[in-house]
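Residue numbers (full-length UniProt numbering): 1 to 569.
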């Protein structure tokens, strides 16, 4: 046996320690105070989460959805809330007839009109008048427009019956600057009280049907998307209406008119634009004021050349002029270099270009029809002005005049006026401009009524299909305003107050667009729930896992403790 002292170990003691198995020593049991402390810490964390954190999270992340009248919105979109009607009140002035004769003429003409009518939503109502409404017959131009907009807002037309000797049959004469139709008739054609029909009644009814045929077909097209409900509408006429509507600008509360003078040289460098606008355009804009507002700006651009890819003018010896082909007109406007702003402010811009060609390429016309102007659909119009070359330049050759007077601008601005009417969707008939403007009011009222109703249906479907997007109170207010003005517009239409109907429809369209394109709603449309999960997991994962594991352990300990107490004798 060997032993060691100091740092040396006894081999016998070392062997005995190796032979004994290693035993893991258990940690000392937790004191009741430690257990209680841990329980309180875990409970405090979860109490903060449940009673403070969760309510704050719920309040700050909840989506406010204002209550919307979904049923009413869908009813307007489906056409159940309102069926637009257009009762046109037409006054008959019969100064040369007895009261009984006038009443009989009114009755027979109204029956004939009702028999000829194919579109129930658009009907003509005759009413006798003493002729005082025809006192405005002599008003012309802007005064005639004022009379249309203010005095006869609810009267579509005044028909004045005038006897005339020596006539074989009735004839009509429509005043171009007023809403009056004169019908001259032989005195012997006045219907007697016992007759149910007369040539004069048939003639008046046929004339009224002819005057409003385009308006009736256009409204039928707007309400149903086609003119199938009108048997008398020819396919060519329906195609013309569709073409006119496709060329016109989309309705806007305000349009910006931009008149531009372009020339490839240094002349002309000035023009009497203010006088020309006041003379030829302003009366028309004043007449359109019940429908839309307008702003006007002008510019002069020198050294404005054709686009490099645009077809160059070709000289035609038979026409003795430079010509542009129709297929090259779409590339005439050099949008890359000419300063033509697509939009100024909130409304669309209608561009009118007056192009004065270089003297070496003058006169310049369109080859196929010798025209000097054309319309760019839903954009504007172009006019080629070929002024007389009155003097020579420094090199001895002809040159354009340095200034364009109001008289020289007259053809261009008369053309711009007609182009503006086309771009605003004004019908081409009848010949009376005030009647055409009245027709535009009714057509715009119908289109805005349907547009606002359709927007309400789209908004209702959007809010139901996407429950995660917010609906702010401003949207609910706009929807309520829209539905209110839609109801007012429909009521005004039924009563024949078309100016008031258009005013209500304009407000309804504006509010409907505002509610549908609310910024807070549009931003949430493209934010799905998967994005929220991707945001929350990196933040809540490191915090939530220790809290959940600690809670589970504590619950397991409590359950084991209760089980042990239950098993004890």
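Backbone N, C-alpha and C define an ideal beta-carbon position, used for all residues, glycine too.
Taken through DSSP and simplified to helix, strand or coil, residue 321 comes out as strand. Looking at the backbone, the Cα of residue 28 and that of residue 466 are separated by about 59 Å.
Distance from the Cα of residue 375 is smallest, within the candidate group 326, 34, 552, 430, for 326.
About 6 Å separates the beta carbons of residue 434 and residue 178, which is inside the 8 Å limit, making them a contact pair.
The shortest C-alpha to C-alpha distance from residue 295 to any of 282, 162, 205 is the one to 282. As DSSP reads the structure, residue 374 sits in a beta bridge with 382.
A direct Cα-to-Cα measurement between residue 35 and residue 469 gives close to 47 Å. Linking residue 330 to residue 364 through their CA atoms gives a straight-line distance of about 16 Å. Taken atom to atom, the span from the alpha-carbon of residue 418 to that of residue 280 is near 10 Å. The DSSP-derived three-state label of residue 175 is coil. Taken through DSSP and simplified to helix, strand or coil, residue 56 comes out as helix.
At a cut-off of 3 residues, the continuous stretches assigned as beta strand (DSSP E) that sit fully inside the stretch 261 to 303 are 293 to 301. When the alpha-carbon of residue 225 is set against those of 461, 512, 478, 447, the nearest one is in 447. The three-state secondary structure of residue 93, taken from DSSP, is strand.
Residue 508 is a Cβ neighbour of residue 482, given a cutoff of 9 Å. 84 is the residue among 84, 442, 49 whose C-alpha sits nearest the C-alpha of residue 453. When the beta-carbon positions are compared, residue 172 and residue 215 stay at least 9 Å from each other. The C-beta distance from residue 505 to residue 445 rounds to 5 Å, short enough to fall under 8 Å. When rounded, the separation of the alpha-carbon atoms in residue 50 and residue 543 is 14 Å. In the pairwise beta carbon analysis, the stretch 231 to 245 is classified as not touching the stretch 401 to 421: fewer than three pairs are separated by under 8 Å. Around the Cβ of residue 104, a 10 Å sphere holds 16 or more other Cβ atoms; the residue is buried.
Membership of residue 159 in any alpha helix (DSSP H) is not indicated; the residue belongs instead to the beta strand (DSSP E) covering 157 to 163. With 16 or more other Cβ atoms inside 10 Å of its own Cβ, residue 412 counts as buried. Per the coordinates, the alpha-carbon of residue 537 lies some 26 Å from the alpha-carbon of residue 556. At the C-beta level, residue 451 and residue 251 come within 9 Å of one another. At a Cβ-Cβ threshold of 9 Å, residue 167 and residue 175 do not count as neighbours. Where residue 180 is concerned, the enclosing beta strand (DSSP E) starts and stops at 180 to 185. Two segments are said to touch when three or more pairs of C-beta atoms, one from each, lie closer than 8 Å; by this definition the stretch 71 to 87 touches the stretch 478 to 496. Annotation: residue 503 to residue 286 spans about 16 Å, alpha carbon to alpha carbon.
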